[in-house]
């Protein structure tokens, strides 16, 4: 017999001796010994470095795995029950800070354990947790009186009513978006089922019997082509606009003269005349934004060629249109146009 076999035999005899000793002890003595062992373990861990703690945890995990492999189903069930009781007792004797640290430690340990598990092991663990949770619920419901069951249901309803108030604005926004997406998908399923597009739990013996549905007739091709052409032609300079050249197709971006923002997509643009801009000169003037004076370079970048509008911070990139009366008008977005007209 080599040294390793002797050590294993010695450890086995020591475990058996301690097991017999624990069985002869009373419950008070067991509780006292557990408390002494916890305190001794806490003192030992406090003197250990991080590397020693990690080695100790790994050694403990290996020993637990070996012991679990050699245990019967009844012994494993007794071990789980013992761990639950010990966890509850420890939780009752812990402070709020210690409980929070324990929860954080359990979360980290659970994440590490799950990261090292395969897909099959994760699925088995989830299935086992669901079965245990369902069993505990049924056991708890069976021990409840009708009044207690009704009280629990009322508390659950009250919790669901108050749950949105306890969420942050971001969580409420995410919940609303998820509910809207769920309702949208539900409507699509109902519409598909009513129209017969989705056929569930049906088997077609002959695939040729399926008549394909022609949906191309519902597409308004000409209307969409005209709408696209109209959108593409918005950037073309017209005859009444400045910088227009005959027999040339010149494109220029749609820019608001007030906010210097691009007008894109289906946003509507307007033409605002010089008179309106001069009327709101106290708001558009650089003295309204810069009380102590404005940088000359910045002022030059936001000054129009129109001498009647000097001193106003307006975008030179905006398109200008010549009017019949002589005064030009400038392109403006809907937001700025509404603000200046009010």
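Residue numbers (our numbering): -1 to 340.
In this text, a Cβ means the ideal position worked out from N, Cα and C, and glycines have one as well.
Only a predicted model underlies this, so the values are computations on that prediction, with no experimental measurement involved.
Delimiting residues of the alpha helix (DSSP H) encompassing residue i
i, result
"residue 93", "It is not in any alpha helix (DSSP H) - residue 93 carries neither H nor E in the DSSP assignment."
"residue 332", "332 to 339"
"residue 58", "48 to 67"
"residue 114", "Premise fails: residue 114 is in no alpha helix (DSSP H) and is neither H nor E."
"residue 41", "25 to 44"
"residue 298", "294 to 299"
Rounded straight-line distance, which links the Cα of residue j to that of residue i
i, j, result
"residue 67", "residue 61", "10 angstroms"
"residue 15", "residue 36", "20 angstroms"
"residue 183", "residue 135", "32 angstroms"
"residue 339", "residue 234", "27 angstroms"
"residue 319", "residue 328", "6 angstroms"
"residue 99", "residue 107", "12 angstroms"
"residue 52", "residue 186", "53 angstroms"
"residue 153", "residue 109", "31 angstroms"
"residue 325", "residue 250", "21 angstroms"
"residue 341", "residue 170", "The displayed coordinates of the chain run from -1 to 340. Any statement about residue 341 would go beyond what the structure contains."
"residue 146", "residue 19", "43 angstroms"
"residue 69", "residue 124", "23 angstroms"
"residue 27", "residue 84", "15 angstroms"
"residue 208", "residue 257", "Residue confidence for residue 208 is low, a pLDDT of 49 falling below 50, so the modelled location carries little weight; the figure read from the coordinates is stated next. Approximately 58 angstroms, taken between the alpha carbons."
"residue 204", "residue 188", "Confidence is the limiting factor: at residue 204 the pLDDT is only 47, short of 50, which leaves the residue's position unreliable, though a coordinate-based value still follows. One C-alpha to the other measures close to 26 angstroms."
"residue 59", "residue 137", "32 angstroms"
"residue 114", "residue 11", "34 angstroms"
"residue 305", "residue 242", "21 angstroms"
Residue i, enclosing beta strand (DSSP E) - first and last residue
i, result
"residue 270", "267 to 271"
Assigned exposure category for residue i - 16 Cβ within 10 Å defines buried
i, result
"residue 122", "exposed"
"residue 335", "buried"
"residue 167", "exposed"
"residue 144", "exposed"
"residue 101", "exposed"
"residue 316", "buried"
"residue 313", "buried"
"residue 303", "exposed"
"residue 262", "exposed"
"residue 270", "buried"
"residue 307", "buried"
"residue 254", "buried"
"residue 272", "buried"
"residue 198", "Its pLDDT being 45, under 50, residue 198 is placed unreliably in this model, and the value from its coordinates should be taken loosely. Exposed, since its Cβ has fewer than 16 Cβ neighbours within 10 Å."
"residue 173", "exposed"
"residue 179", "exposed"
Residues sharing a beta bridge with residue i, DSSP
i, result
"residue 310", "283"
"residue 328", "270 and 318"
"residue 186", "DSSP, once it has assigned bridges, lists no residue as partnering residue 186."
"residue 150", "Answer is none; residue 150 lacks a bridge partner."
"residue 239", "319"
"residue 260", "253"
"residue 223", "Residue 223 pairs with nothing; no bridge assigned."
"residue 248", "Answer by DSSP bridge pairing: none, since residue 248 is not bridged."
Expected contact under 8 angstroms - CB spacing of residue i and residue j to nearest Å
i, j, result
"residue 331", "residue 265", "7 angstroms"
"residue 286", "residue 280", "6 angstroms"
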